[in-house]
Amino acid sequence: MDSRARNLLDEALGLDQLTQLKPPLGGKAVLIEDCVETSGSFVLHQLIKRLLTAVPNSSNVVLFLAFANPFSHYDRILRKLGCNLGAQREKGRFIFVDMLNVECPVGEEGKAGGRSGLFALFANITKVLNALPESNRKCLTIVIDDVSLMEVAAHGSSDHVLDFLHYCHTLTSDYGCSLVTLNHEDIYSSMDGLVFLKQMEYAADVLVKVEPLATGLAADVHGQFDGLQMTVLNRGSLNNRMSNFQFRIKENSVEYFYPGARA
Amino acid sequence: MAATKTRTSSFSRNLPAASSAQSPEIKCGPNGTFLVSSGIPDLDKTLGGGIPLGSLVMVMEDSEAPHHMLLLRNFMSQGLVHKQPLLYASPSKDPRGFLGTLPSPSSPKDDKSRSHDAEQEKGLRIAWQYKKYFGENQSNLDGQRGMILFRFIVLCEWEMLSFIRSLKSTVRSANAVAIITFPSSLVSATFCKRWQHLADCLVSVKAIPDEDKELAKLLTGYQDIVGFLNIHRVPRINTQVPAVLEATTLSIKLQKRRYLVLECLNQAPVDGSSGSSYGTSGNCSGASSKSGSLDF
Chain A
1 MDSRARNLLD EALGLDQLTQ LKPPLGGKAV LIEDCVETSG SFVLHQLIKR LLTAVPNSSN
61 VVLFLAFANP FSHYDRILRK LGCNLGAQRE KGRFIFVDML NVECPVGEEG KAGGRSGLFA
121 LFANITKVLN ALPESNRKCL TIVIDDVSLM EVAAHGSSDH VLDFLHYCHT LTSDYGCSLV
181 TLNHEDIYSS MDGLVFLKQM EYAADVLVKV EPLATGLAAD VHGQFDGLQM TVLNRGSLNN
241 RMSNFQFRIK ENSVEYFYPG ARA
Chain B
1001 MAATKTRTSS FSRNLPAASS AQSPEIKCGP NGTFLVSSGI PDLDKTLGGG IPLGSLVMVM
1061 EDSEAPHHML LLRNFMSQGL VHKQPLLYAS PSKDPRGFLG TLPSPSSPKD DKSRSHDAEQ
1121 EKGLRIAWQY KKYFGENQSN LDGQRGMILF RFIVLCEWEM LSFIRSLKST VRSANAVAII
1181 TFPSSLVSAT FCKRWQHLAD CLVSVKAIPD EDKELAKLLT GYQDIVGFLN IHRVPRINTQ
1241 VPAVLEATTL SIKLQKRRYL VLECLNQAPV DGSSGSSYGT SGNCSGASSK SGSLDF
């Protein structure tokens, strides 16, 4: 599995070299945007599979905050893709935090006897981070699925959710770990909602948009993928790398190809 | 649900313990899901066999016509006939009145069906306020395969969302199916999108005007059509592959005023003669006279 063919998705996400030395996403923050017609969860599945199985005996750890689906859902899907989440969880490489039922009220933070939901969640994350050995902390990837449900759990206080995400971003610069978030672009179409999405996009290093085809539904092509990697080079200049291709999702894999060129 | 013990290989057949006591009305679906009938055979076929247990179905109502009640009625009567526990919550003043509108199950002996209905009513609980219901919900649904129906008026939008989210996680863990209907015109666009993302299965019902000459020219069987059913989202539990349906818009027809039939839209022949439908949609050549000149 070491020198497997890099596919278009790996290049788009910047997963160019998966070795034991470098952290997989290089301490970047990735934002995946999708919509009702086309779901972007397949990108998360592919990413988890690459992080956990590409390099044998690597020290990559994935911390998964699940707001959308229970563990059994991801377990089944990843098993078909060739990654046994149950075994990884037992080894301590895949940490699943089930947030389906958890409410994160953001009332008075100074209440005696309990910290409010999002604070407690962040404290949990730092606890996991500190439990890892010093050299491996940069190999942690935090995956959030998805941010719109985190807003619902916080009863609509988007400011607190944004603060939480900014705190997670500081982890990427302090410890070198990576952050992957999924959000739904079509929810934020109104003027007030747009600010929240723009803030998330601004903070991200890699921006991925998954959309349906402009021509409608098709059995062969399930949608199109737009990726943007922004890296600031040493002298401060910006280097943007754009990718644009289409995909077809199957049970065991996902095919990526350029428009018009079915592989 | 998936077993938690360690498996030696990743290819073992994963059947939950309850499969031995499985009732015939719950079918095995793909990817380890169990399917329940929605009460309308055509809808079951379109959705790939039925509604998977653990999913949340949302029906966007048309504020002009109560066609979504047709769906609810069929769903509820299907649950009654299969003796599955049901919960119905409605903002109307007399939810029990809804029971009166249910179609009676067809059975060989007429008097048998009447007593059948009376027995099922005892198994039915009707809650008035959704918050009060939610407390009962936990004890009611644990370990049972039940169906829940809701009709809502919108109160506070964020509270509604957080209720739906809790409902979704309860339904997932309890292997039940919940159907919620809501008027999409009353909710703001952003919240409508949030609801659509929350739902596993999303359909919308649209009424058509009674005397529309344009539509009558376009479709066959226009007189029988009561409305359109649009399927926006098909449940994708335990799988990442999206479902691409052959037709996302189906016409709702009431045959003999009783049986609900969903059909693909059939285009009327171009020459305007009212003929029988062609059976498959998208058939454009039909009885065209030009086919003779194209001889290969």
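Residue numbers (this note's numbering), protein chains in the order written: chain A, 1 to 263; chain B, 1001 to 1296. Note that CB positions come from ideal geometry on N, CA and C, so glycine has one too. Computed from a prediction, not measured in an experiment: that's the story for all the values here.
In its own chain, which residues sit with a C-beta less than 7 Å from the C-beta of residue i, not counting the 5 before and 5 after it?
i                   : result
Pro-1242 of chain B : Arg-1236
His-169 of chain A  : Ala-29, Leu-179 and Ala-203
Arg-241 of chain A  : Gln-229
Val-1261 of chain B : Asp-1042, Lys-1253 and Gln-1255
Cys-1192 of chain B : Ser-1184
Do residue i and residue j have their C-beta atoms within less than 8 Å of each other?
i                   : j                   : result
Thr-1046 of chain B : Leu-1245 of chain B : yes
Phe-196 of chain A  : Ser-158 of chain A  : yes
Glu-185 of chain A  : Ala-153 of chain A  : no
Ile-1179 of chain B : Val-1036 of chain B : no
His-1197 of chain B : Val-36 of chain A   : yes
Gly-86 of chain A   : Asp-75 of chain A   : yes
Val-206 of chain A  : Leu-13 of chain A   : yes
Gly-1050 of chain B : Lys-1027 of chain B : yes
His-1232 of chain B : Leu-1202 of chain B : yes
Gln-246 of chain A  : Gly-216 of chain A  : no
His-1067 of chain B : Ala-1176 of chain B : no
Val-128 of chain A  : Leu-63 of chain A   : yes
Thr-1248 of chain B : Ile-187 of chain A  : no
Val-1171 of chain B : Gly-1097 of chain B : no
Trp-1195 of chain B : Val-1205 of chain B : no
Met-200 of chain A  : Leu-65 of chain A   : no
Gly-27 of chain A   : Thr-172 of chain A  : yes
Gly-1039 of chain B : Phe-1075 of chain B : yes
Leu-1218 of chain B : Ile-1225 of chain B : no
Leu-194 of chain A  : Phe-164 of chain A  : no
His-166 of chain A  : Ser-1162 of chain B : no
Check each candidate in the options and name the one with the smallest Cα separation from residue i.
i                   : options                                           : result
Leu-314 of chain A  : A:Arg-248, A:Leu-238, A:Glu-201 and A:Arg-241     : In the structure displayed, chain A extends from 1 to 263; residue 314 of chain A sits before or after that span and is not available.
Ile-125 of chain A  : A:Arg-262, A:Gly-26 and A:Phe-96                  : A:Phe-96
Asn-183 of chain A  : A:Thr-38, A:Leu-13 and A:Pro-70                   : A:Thr-38
Leu-149 of chain A  : B:Arg-1165, B:Glu-1157 and B:Cys-1156             : B:Arg-1165
Lys-138 of chain A  : A:Leu-25, A:Met-200 and A:Arg-235                 : A:Leu-25
Ala-1065 of chain B : B:Asn-1238, B:Thr-1220, B:Asp-1210 and B:Val-1261 : B:Asp-1210
Phe-1215 of chain B : B:Ser-1204, B:Gly-1227 and B:Val-1205             : According to the sequence provided, residue 1215 of chain B is Leu. The question's Phe does not apply to it. Of the candidates B:Ser-1204, B:Gly-1227 and B:Val-1205, the one whose C-alpha sits nearest the C-alpha of Leu-1215 of chain B is B:Gly-1227.
Asn-335 of chain A  : A:Thr-141, A:Leu-9 and A:Met-191                  : With chain A running from 1 to 263 in the structure shown, residue 335 of chain A is simply not present.
Thr-53 of chain A   : A:Gly-176, A:His-160, A:Leu-8 and A:Asn-84        : A:Asn-84
Leu-51 of chain A   : A:Glu-90, A:Tyr-258 and A:Asp-10                  : A:Asp-10
Ser-1173 of chain B : A:Tyr-167, A:Gly-193 and A:Leu-100                : A:Leu-100
Asn-130 of chain A  : A:Arg-89, A:Cys-177, A:Gly-156 and A:Phe-119      : A:Cys-177
Ala-1089 of chain B : B:Lys-1193, B:Ser-1162, B:Leu-1167 and B:Ser-1063 : B:Leu-1167
Lys-250 of chain A  : A:Leu-78, A:Leu-15 and A:Glu-33                   : A:Leu-78
His-73 of chain A   : A:Asp-34, A:Arg-93 and A:Ser-41                   : A:Ser-41
Ser-1169 of chain B : B:Ala-1199, B:Asp-1212 and B:Cys-1156             : B:Ala-1199
Val-43 of chain A   : A:Leu-238, A:Asn-7 and A:Arg-235                  : A:Asn-7
Here's a check: name, in chain order, each residue in its chain whose Cβ is nearer than 6 Å to the Cβ of residue i, leaving out the five neighbours to either side.
i                   : result
Arg-115 of chain A  : With a pLDDT of 47 at Arg-115 of chain A, under the threshold of 50, the modelled position of that residue is not reliable, and no figure is offered here.
Gly-1272 of chain B : Below a pLDDT of 50, predicted positions are generally treated as unreliable, and Gly-1272 of chain B, at 47, falls in that range; the measurement from the model is reported next regardless. None.
Asn-1031 of chain B : Asn-1238 and Thr-1239
Gly-227 of chain A  : Ala-12, Val-208 and Ser-243
Lys-1131 of chain B : Its pLDDT being 36, under 50, Lys-1131 of chain B is placed unreliably by the model, and nothing is read from it.
Gln-1138 of chain B : Low per-residue confidence applies at Gln-1138 of chain B: pLDDT is 42, beneath 50, and the placement is therefore not dependable, though the value from the model is reported in the following sentence. Here the set comprises nothing.
Pro-259 of chain A  : Gln-246
Please determine whether the Cβ atom of residue i lies at a distance below 7 Å from any heavy atom of the ligand PLP.
i                  : result
His-184 of chain A : Ligands displayed in this structure: none; no statement on the ligand PLP is therefore possible.
Using a Cβ-Cβ cutoff of less than 8 Å, which residues in the same chain neighbour residue i once the five nearest sequence positions on both sides are dropped?
i                   : result
Asp-146 of chain A  : Phe-67, Ala-68, Thr-181, Leu-182, Asn-183 and His-184
Trp-1158 of chain B : none
Thr-1004 of chain B : Only weak support is given to the placement of Thr-1004 of chain B: the predicted model assigns it a pLDDT of 44, under 50, and the value that follows is read from those uncertain coordinates. Correct list: empty, nothing qualifies.
Leu-81 of chain A   : His-45, Gln-46, Lys-49, Asn-252 and Ser-253
Pro-70 of chain A   : Asp-98 and Leu-100
Glu-1119 of chain B : Bear in mind that a pLDDT of 33 at Glu-1119 of chain B, under 50, signals an unreliable position, so the number given afterwards is only what the model happens to contain. Closer than 8 Å at the Cβ level, and outside the excluded window around Glu-1119 of chain B, lies no residue.
Ala-261 of chain A  : none
- request: Identify every run of the beta strand (DSSP E) within the region 37-62 of chain A, keeping only runs that are complete inside it and at least 3 residues long; order them along the chain.
  value: none
message: Suppose only complete runs of 4+ residues qualify. What are the alpha helix (DSSP H) ranges in the region 1186-1237 of chain B, listed by chain order?
response: 1189-1198 and 1213-1218
- request: Kindly provide the ranges of any alpha helix (DSSP H) runs that are 4 or more residues long and lie completely inside the region 108-171 of chain A, ordered along the chain.
  value: 117-131 and 147-153
field: the region 186-219 of chain A: positions lying closer than 8 Å to chain E by Cβ
entry: Absence of chain E from the displayed structure is noted, the protein chains being A and B.
- request: Pair every Cβ in the region 1182-1193 of chain B with every Cβ in the region 1048-1063 of chain B, then say whether three or more of these pairs are closer than 8 Å.
  value: yes
field: beta strand (DSSP E) segments (min. 3 residues) lying fully within the region 180-215 of chain A
entry: 206-211
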